[in-house]
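Structure first, commentary second.
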Amino acid sequence: MSINQQESSDSDPIHHYNLGVLLWEKEEDLKEVAVEHFVKSAKLNPNNANAFRFLGHYYSRVSIETLRALKCYQRAVTLNPDDSEAGEALCDLLDDEGKESLEIAVCKEASEKSPRGFWAFRRLGYMQVHHKKWSEAVQSLQHAIRGFPTCADLWETLGVAYQRLGMFTAAIKSYGRAIELEDSRVLASVESGNILLMLGSCRKVSIIPLICLE
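Just so you know, we're using UniProt numbering here: the sequence shown kicks off at 1 and counts up by one.
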């Protein structure tokens with residue numbers, strides 16, 4: 001490699017990023033070297049969301065510097081709200097720190113920026129159910145399901161939100177889909193039975209998998 005080529009590579013953020021990924025994935029003891037290239041890549045191109053995600057991984061998993069990790073993950077998600085890996089990692093750290101209000105803010109911002117930030121809609125929906133914000137939860141969970149159509153837990157949680165809103169037909173359909181995807185969903189089976197009993201559909205109750213009794 002000529003001197004000019006060397007200088008060109010040294011000033012190329014993509015080169016540093018790719019080299020960082022190669023070193024990161026190769027061996028555990030090379031992560032210290034890899035992070036140097038991620039830092040260079042991020043400095044040369046402050047809009048490289050992927051570089052900030054890897055920096056977040058380094059600070060959260062290797063050097064254990066939570067504040068730095070949070071800042072890097074936040075930068076990655078701000079640049080690319082579709083980045084579920086950085087988004088989930090950021091929210092997990094915030095959850096561990098007991099900063100739920102910040103976690104909600106992060107998810108709201110990402111979901112407002114991109115309709116494909118499905119990870120944000122999913123986490124937001126779960127938190128809204130936890131806080132009994134049923135109507136808001138339905139909207140978030142419905143959107144999340146577009147990105148995770150085979151997630152039984154999402155369908156079951158959506159069923160809970162519908163049920164609390166008194167939308168029993170929609171709740172039964174959501175619970176039914178959860179059971180189709182994963183027939184061990186106890187809550188979905190029990191709540192479907194409760195709704196049908198309440199509505200007087202005793203015959204239908206008998207065909208619901210009574211897995212909680214097995």
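Cβ atoms here follow ideal geometry from the backbone N, Cα and C, with glycine treated the same way.
Just so we're clear, the structure is a prediction, and the values are computed from it rather than from any experiment.
- Taking a cut-off of 8 Å for Cβ pairs, the segment 103–123 and the segment 132–151 touch, as three or more such pairs fall below it.
- By the Cβ neighbour-count rule, Ile195 is buried, with 16 or more other Cβ atoms within 10 Å of its own.
- Put simply, of Ser192, Asp92, Thr78 the residue whose alpha carbon is nearest the alpha carbon of Ala49 is Thr78.
- Going by DSSP, Ser174 is part of the alpha helix (DSSP H) stretching over 168–181.
- For Ala137, same chain residues with a beta-carbon under 6 Å away, outside a window of 5 residues either side, are Gly125, Gln128, Val129, Ala161 in chain order.
- Rounded to the nearest angstrom, the gap between the Cα atoms of Ala110 and Leu141 is 15 Å.
- Between the C-alpha atoms of Ser174 and Ala89 there is a straight-line separation of about 28 Å.
- Our two residues, Met167 and Gly56, have alpha carbons roughly 42 Å apart in a direct line.
- Between the beta-carbon of Ser114 and that of Asp92 there is about 20 Å, and that puts the pair past the 8 Å contact cut.
- In this structure Arg177 does not touch Trp134 by the C-beta definition: roughly 18 Å separates them, more than the 8 Å allowed.
- For Val35, the CB contacts under 6 Å within the same chain, skipping 5 residues up- and downstream, are Tyr58 in chain order.
- Linking Glu28 to Val62 through their CA atoms gives a straight-line distance of about 9 Å.
- A direct Cα-Cα distance of roughly 26 Å separates Ala171 from Glu112.
- Here Ser41 is buried: its Cβ has 16 or more other Cβ atoms, across all protein chains shown, within 10 Å.
- Minimum Cα-Cα distance from Glu97 among the listed residues Leu67, Val39, Ser11 corresponds to Leu67.
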